[in-house]
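Residue 50 in the UniProt record's numbering sits at position 50 of the sequence shown; the count goes up by one each step and never skips.
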Amino acid sequence: MTTTLSTQQAPSLACASPASREKARPRSKYKAQNEQDRCVACGVCVKMCPKDAISILKGCYAVIDEDRCVGCGICEKNCPAGVMHKVTR
Numbered sequence: 001m002t003t004t005l006s007t008q009q010a011p012s013l014a015c016a017s018p019a020s021r022e023k024a025r026p027r028s029k030y031k032a033q034n035e036q037d038r039c040v041a042c043g044v045c046v047k048m049c050p051k052d053a054i055s056i057l058k059g060c061y062a063v064i065d066e067d068r069c070v071g072c073g074i075c076e077k078n079c080p081a082g083v084m085h086k087v088t089r
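Structure below.
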């Protein structure tokens, strides 16, 4: 016994964009936040972030990409100036 599927039963993934095929990542209930006026732009948080969610803006202060940040708190633990904080979204 053989079974065949018609094109109506099996949707084609050839036309689907890669983004639509990816599973949605659940958001953490935490995010990073910093005190930009006290940030010394040392770059430690940038180097330590496992998701590349932090960058230094014009050599002045750290900026967090909230879409990439998973709220792990590594930046907070390693910030020598104490200006990075793990906060509730």
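Built from N, CA and C at the ideal position, the CB exists for glycine as well.
Same chain, Cβ closer than 7 Å to Asp65, five either side skipped, listed in chain order:
Working through the sequence shown from its first residue, we reach residue 65 at position 65. Within the same chain, Asp65 has close Cβ partners Ala53.
Quick one, which of Ala81, His85 and Lys86 has its alpha-carbon nearest Cys42's?
Here residue 42 corresponds to residue number 42 of the sequence shown, with the count starting at 1. Answer by Cα proximity: Ala81.
Kindly list the residues whose CB is nearer than 8 Å to the CB of Lys29, restricted to its own chain and excluding five residues on each side of it in sequence; keep chain order.
One-based indexing of the sequence shown puts residue 29 at position 29. Gly71, Thr88 and Arg89, listed in sequence order.
Indicate whether Cys45 and Cys75 have their beta-carbon atoms separated by less than 8 Å.
Mapped onto the sequence shown, residue 45 falls at position 45. Mapped onto the sequence shown, residue 75 falls at position 75. In contact: Cys45 and Cys75 (Cβ atoms closer than 8 Å).
Span of the beta strand (DSSP E) holding Lys86?
Along the sequence shown, one-based indexing puts residue 86 at 86. That run of the beta strand (DSSP E) goes Met84 to Thr88.
Count the other CB atoms within 10 Å of the CB of Asn34; is the residue buried (16 or more) or exposed (fewer)?
The count along the sequence shown starts at 1 and reaches residue 34 at position 34. Buried.
Quick check on the DSSP output: what are the complete beta strand (DSSP E) runs of length 3 or more inside the UniProt domain "4Fe-4S ferredoxin-type" (30-59), in order along the chain?
30-34 and 54-57
CA-to-CA distance, Gly59 to Lys31, given in whole angstroms
Working through the sequence shown from its first residue, we reach residue 31 at position 31. Working through the sequence shown from its first residue, we reach residue 59 at position 59. If you draw a straight line from the Cα of Lys31 to the Cα of Gly59, it is about 22 Å long.
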